[in-house]
Every structure is written in C-alpha cells, then in structure tokens.
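First comes the structure, then the notes that go with it.
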Amino acid sequence: MLMKEKEFVFGPVPSRRLGFSLGVDIIPRKHCTFDCIYCQVGKTTAKDVERRSFVDPDLVVKQVIERVAKGGRIDFVSLSGSGEPTLNADIGGIIAALKRRISIPLAVITNGSLLFLEDVRRDLSSADVVLPSLDAASDEVFERINRPHPSLSLSRIVEGLKAFASEYRGKVWLELMLIKNINDASQEVEMLRQIVRNIPADKIHLNTVARPPLEETAMGLERAEMESIARRFGTGCEVIGSFKGPVATASGKEWEESLVDTVKRRSLSAEDVVRTTGLSLSEAKERLDRLVRAHKLKATRFGGKLFYTAEEEKIS
C-alpha cells in the first residue's frame with residue numbers, strides 16, 4: 012500500500028559530508044532492515060527486507076522539482092530520511108527521472124544491507140554518489156549495533172559492498188560509525204581495516220555518535236580518538252568534522268514548518284540552525300523554544316548540548 016500523500020522533501024539540511032543537502036524521504040517512518048542503537052530517527056517499527064512500492068514516484072519527483080525551482084543553495088539531492096531507502100522498489104525510477112529533470116548531483120544514503128541484491132545495485136547505478144555504512148567487522152558487534160533483520164548476515168552485506176563498489180561508476184563514500192566501548196577496540200578496528208581495504212571506495216568517512224541516539228549505550232568518541240583510528244586506515248580516510256557553510260535567510264511560518272518537517276528525520280541543535288540561517292544564536296533559541304512550547308518540538312540534552320527533535324505524536 013502506498014504512503015498517503017505528504018511532504019516527501021525536507022531541508023536543505025546542513026550535512027557534514029554533503030553540504031546543503033535536500034532530503035527526499037521515500038520510506039515510511041522507521042521501516043528499515045536494521046534497528047541501530049545509534050539511530051536518531053527512533054526505534055524501527057517495521058523491520059523488513061522485502062522491496063516494494065511505498066510512494067507515488069511521480070509525486071516525489073514533482074515535489075523535488077518544485078523545491079529546486081524555489082532557488083537557494085542545494086549541493087546535493089539526497090535520498091535518505093526515515094528508513095532504509097533501498098527498500099523502495101521505485102528508487103531506480105525516481106533517480107532516473109530526477110537525473111533527467113535537474114542538474115544537482117544525486118546522493119543515496121544507505122546502510123548498505125541490500126547491496127548484495129543485483130536489482131538494488133542496478134537501481135543505484137545512476138546516482139552520482141552513494142554513501143553506504145559499515146559499523147562492524149564481527150558478527151557479535153554487528154548484532155549488537157545494527158540489530159538486523161534475521162535473514163541478513165554481515166558476510167553477505169560485506170560481499171554486497173565489495174560488488175557494488177567494484178561495479179559502480181559514481182563515487183562511493185563509505186561511512187564507519189564508531190561507538191565508544193563497542194566497536195572501537197583495537198582488534199575490531201583492525202578487522203574493519205582489513206575488510207575496508209578490499210572495498211574500492213573513493214572515500215572512507217569515520218563518524219561517531221554526535222546526536223541523541225536511540226539507546227543510551229551508544230556513546231561517541233573524542234576527536235583525538237577518532238583521529239588516531241583514522242591514521243590506522245591511512246590515505247583516503249577522514250574524520251567527519253563540523254558543518255561549514257554560508258547562511259540563508261530564515262523567516263515566516265513556512266520556515267518554521269520546514270524546520271519541523273526536517274527535525275522529524277534528523278535532530279538539530281540551535282547551533283545547526285544558526286549555521287544555515289541568518290539568525291543569531293539567541294534568535295534561533297527563541298524560535299526553537301517557541302516550537303517546543305507549541306508541542307511541535309521537544310528538547311533533548313546529549314553530550315552537553317541541547318538538541319531538538321519532533322514530538323512523536325506529531326509524526327505520521
């Protein structure tokens with residue numbers, strides 16, 4: 012059954028890897044192959060591996076084109092959002108249609124769990140950049156972090172990553188999410204390094220938990236720890252830093268509605284809002300607090316910072 016008509020496009024969101032990223036959400040909320048302990052969207056409510064149609068592809072393409080036509084800086088149009096985008100059987104057609112209609116590069120942010128399927132690799136072949144993730148090198152850590160669908164195995168996922176990176180003509184930016192006291196041990200890191208050296212990715216991005224996660228056990232590493240691990244991976248590996256970019260004007264009810272829609276997919280801090288708007292920190296906090304009082308957002312403290320997330324009852 013198709014998702015009811017809604018706003019499939021959100022942002023642009025300040026992305027540390029993609030600059031100003033216009034998000035395209037083509038999956039129902041938390042319909043995923045994993046239930047990762049660090050996920051900022053929330054607990055997976057429909058863990059699945061069956062690909063099917065979830066949205067009207069023409070409506071998705073129409074909304075993207077309309078948003079792009081409004082102008083403003085957009086560095087990438089990114090298929091990502093509330094679940095695993097490769098579960099959508101129409102993703103290949105959506106990518107192809109957007110490539111014909113807009114000149115902005117297309118990215119797909121995926122957990123990489125279905126890349127062992129030939130049809131998934133084929134569907135992503137027209138994207139400009141694919142950003143898969145790999146969080147574990149051992150089955151024990153894989154189960155602990157990703158809590159996958161029972162039909163999935165780490166070995167099959169790794170083979171899928173190797174096959175895709177070998178066949179794909181675009182750019183592959185592989186993300187390794189490091190979690191304190193779970194996959195940052197020397198032995199696990201070395202096993203990850205051995206796996207990654209056989210995946211022909213263009214970039215290796217080391218990331219860590221920087222926003223409120225699903226489980227409190229998912230804690231981030233310090234910058235120095237990340238840089239030490241990055242040196243073990245050598246050239247081509249980088250630690251993901253803070254977003255840097257010019258500001259855009261923020262005003263009116265439309266901006267607030269867009270902010271709430273974005274926060275449904277990704278928590279934001281007041282500093283995030285400052286970086287991407289013309290607001291001062293005090294103005295950003297005032298607006299965010301007003302949305303909290305209106306029960307459109309809720310505030311969550313993580314890592315010494317205050318993040319704003321969507322109220323659960325407001326999410327369809």
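Residue 101 in the working numbering sits at position 90 of the sequence shown, and the numbers go up by one each step. For every residue, glycine included, the Cβ atom is placed at its ideal position computed from N, Cα and C. Keep in mind that this is a model prediction, so the values were computed, not measured.
query = What residues match up with S280 in a beta bridge as DSSP calls it?
reply = Reading the sequence shown from its first residue, position 269 is the one you call residue 280. The partner list for S280 (beta bridge, DSSP) reads F318.
query = Beta carbon of G94, beta carbon of K41: below 8 Å?
reply = Walking along the sequence shown from the start, residue 94 turns up at place 83. Walking along the sequence shown from the start, residue 41 turns up at place 30. In contact: G94 and K41 (Cβ atoms closer than 8 Å).
task = Classify P25 as buried or exposed, calling it buried when 16 or more other Cβ atoms lie within 10 Å of its own Cβ.
result = Walking along the sequence shown from the start, residue 25 turns up at place 14. Buried, because 16 or more other Cβ atoms sit within 10 Å of the Cβ of P25.
request  = Return the residue from the list F45, R222 and L290 that minimises the CA-CA distance to P96.
outcome  = Locating residue 96 in the sequence shown gives position 85, where the first residue counts as 1. Ranking F45, R222 and L290 by Cα distance to P96 puts F45 first.
task = Specify the secondary structure class of E297 as computed by DSSP and reduced to three states.
result = Taking the sequence shown and counting its residues from 1, the one referred to as residue 297 is at position 286. DSSP places E297 in the helix class (H, G or I) of the three-state scheme.
query = Rounded to the nearest angstrom, how far is the Cβ of H160 from that of V75, given a contact under 8 Å?
reply = Residue mapping note: residue 160 aligns to position 149 of the sequence shown, counting from 1. Residue mapping note: residue 75 aligns to position 64 of the sequence shown, counting from 1. Taking a contact as a CB-CB distance under 8 Å, the pair H160 and V75 does not count as one, their CB atoms being some 29 Å apart.
key: Per-residue burial, N157 [other beta carbons within 10 Å of its own, 16 or more giving buried]   = Indexing the sequence shown from 1 puts residue 157 at position 146. By the beta-carbon neighbour count (other beta carbons within 10 angstroms, threshold 16), N157 is buried.
query = Considering only the beta carbon of each residue, do K173 and N209 sit closer than 8 Å?
reply = Taking the sequence shown and counting its residues from 1, one reaches residue 173 at position 162. Taking the sequence shown and counting its residues from 1, one reaches residue 209 at position 198. Yes, the pair counts as a contact, with Cβ atoms nearer than the cut-off.
request  = Give the straight-line distance between the Cα atoms of A235 and L203, rounded to the nearest whole angstrom.
outcome  = By 1-based counting over the sequence shown, the position of residue 235 is 224. By 1-based counting over the sequence shown, the position of residue 203 is 192. Spanning the alpha carbons of A235 and L203 requires a straight line of approximately 19 Å.
inquiry  = Please classify E186 as buried or exposed, where buried requires at least 16 neighbouring CB atoms within 10 angstroms.
reply    = Indexing the sequence shown from 1 puts residue 186 at position 175. Here E186 is buried. Its C-beta has 16 or more other C-beta atoms within 10 Å.
ask   = In terms of residue numbering, what span does the alpha helix (DSSP H) encompassing D150 cover?
value = Your numbering for residue 150 matches position 139 in the sequence shown. Boundaries of the alpha helix (DSSP H) harbouring D150: D150 to N157, taken from the DSSP string.
query = How many angstroms separate the CA atom of G315 from the CA atom of L165?
reply = Within the sequence shown, residue 315 is the residue found at index 304, counting from 1. Within the sequence shown, residue 165 is the residue found at index 154, counting from 1. The alpha-carbon atoms of G315 and L165 are separated by roughly 34 Å.
query = By the 10 Å Cβ neighbour count, where 16 or more other Cβ atoms means buried, how is K17 classified, buried or exposed?
reply = Reading the sequence shown from its first residue, position 6 is the one you call residue 17. Flag for K17 reads exposed.
ask   = Closest to E226 by CA distance: which of R28, V303 and Q51 is it?
value = Sequence index remark: in the sequence shown, residue 226 carries index 215 (1-based). Considering only alpha carbons, the answer is Q51.
request  = Pull up the CB-CB distance for R304 and E267, whole angstroms please, since I reckon it's below 8 Å.
outcome  = Here residue 304 corresponds to residue number 293 of the sequence shown, with the count starting at 1. Here residue 267 corresponds to residue number 256 of the sequence shown, with the count starting at 1. 13 Å between Cβ atoms; not a contact.
key: Alpha-carbon spacing of P116 relative to S136, whole angstroms   = The sequence position of residue 116 within the sequence shown is 105, counting from 1. The sequence position of residue 136 within the sequence shown is 125, counting from 1. For P116 and S136, the distance between alpha carbons rounds to 13 Å.
inquiry  = Between which two residues does the beta strand (DSSP E) holding M188 run?
reply    = Here residue 188 is taken as the residue at index 177 of the sequence shown, counted from 1. Run containing M188: K182 to L189, per the beta strand (DSSP E) assignment.
Run of the beta strand (DSSP E) containing N34, from where it starts to where it stops = Here residue 34 is taken as the residue at index 23 of the sequence shown, counted from 1. The question names Asn, but residue 34 in the sequence shown is Gly. Element bounds for G34: G30 to D36.
inquiry  = DSSP three-state label for E249, please.
reply    = Position 238 of the sequence shown, counting from 1, holds the residue named residue 249. Strand.
inquiry  = Buried or exposed, going by whether 16 or more other CB atoms sit within 10 Å of the CB of H216?
reply    = Here residue 216 corresponds to residue number 205 of the sequence shown, with the count starting at 1. When all chains shown are included, H216 counts as buried.
With 16 other Cβ atoms within 10 Å as the buried cut-off, status of D146 = Taking the sequence shown and counting its residues from 1, one reaches residue 146 at position 135. Counting Cβ neighbours within 10 Å, D146 comes out buried, since at least 16 surround it.
task = Figure out for me which residue from K73, P39 and I48 has the closest Cα to the Cα of A57.
result = As a first step, residue 57 is located in the sequence shown; it is residue number 46 there, counting from the start. Of the candidates K73, P39 and I48, the one whose C-alpha sits nearest the C-alpha of A57 is P39.
query = Would F313 pass as a contact of R167 if the rule is Cβ separation under 8 Å?
reply = For the purposes of this step, residue 313 is taken as residue 302 along the sequence shown, with counting starting at 1. For the purposes of this step, residue 167 is taken as residue 156 along the sequence shown, with counting starting at 1. No; because the gap between Cβ atoms is not below 8 Å, this pair is not in contact.
task = Pick helix, strand or coil for R63, following the three-state DSSP scheme.
result = Numbered from its first residue, the sequence shown carries residue 63 at position 52. Here DSSP, grouped into helix, strand and coil, assigns R63 to strand.
query = What's the C-alpha gap between D195 and T246?
reply = Translated into the one-based positions of the sequence shown, residue 195 becomes position 184. Translated into the one-based positions of the sequence shown, residue 246 becomes position 235. Rounded to the nearest whole angstrom, the C-alpha separation of D195 and T246 is 19 Å.
inquiry  = Counting C-beta neighbours from all protein chains within 10 Å, is the total for G82 16 or more, i.e. buried, or is it exposed?
reply    = Your numbering for residue 82 matches position 71 in the sequence shown. Under a 10 Å Cβ-count criterion, G82 is classified as exposed, with fewer than 16 other Cβ atoms of the shown protein chains found around its own Cβ.
Continuous alpha helix (DSSP H) stretch holding R234: start and end = Here residue 234 is taken as the residue at index 223 of the sequence shown, counted from 1. According to the DSSP assignment, R234 belongs to the alpha helix (DSSP H) that extends over R234 to F244.
task = Within 10 angstroms of the Cβ of N99, are there 16 or more other Cβ atoms? Answer buried if so, exposed if not.
result = Here residue 99 refers to the residue found at position 88 when the sequence shown is read from its first residue. In the assembly as shown, N99 is a buried residue. Its beta-carbon has 16 or more other beta-carbons within 10 Å.
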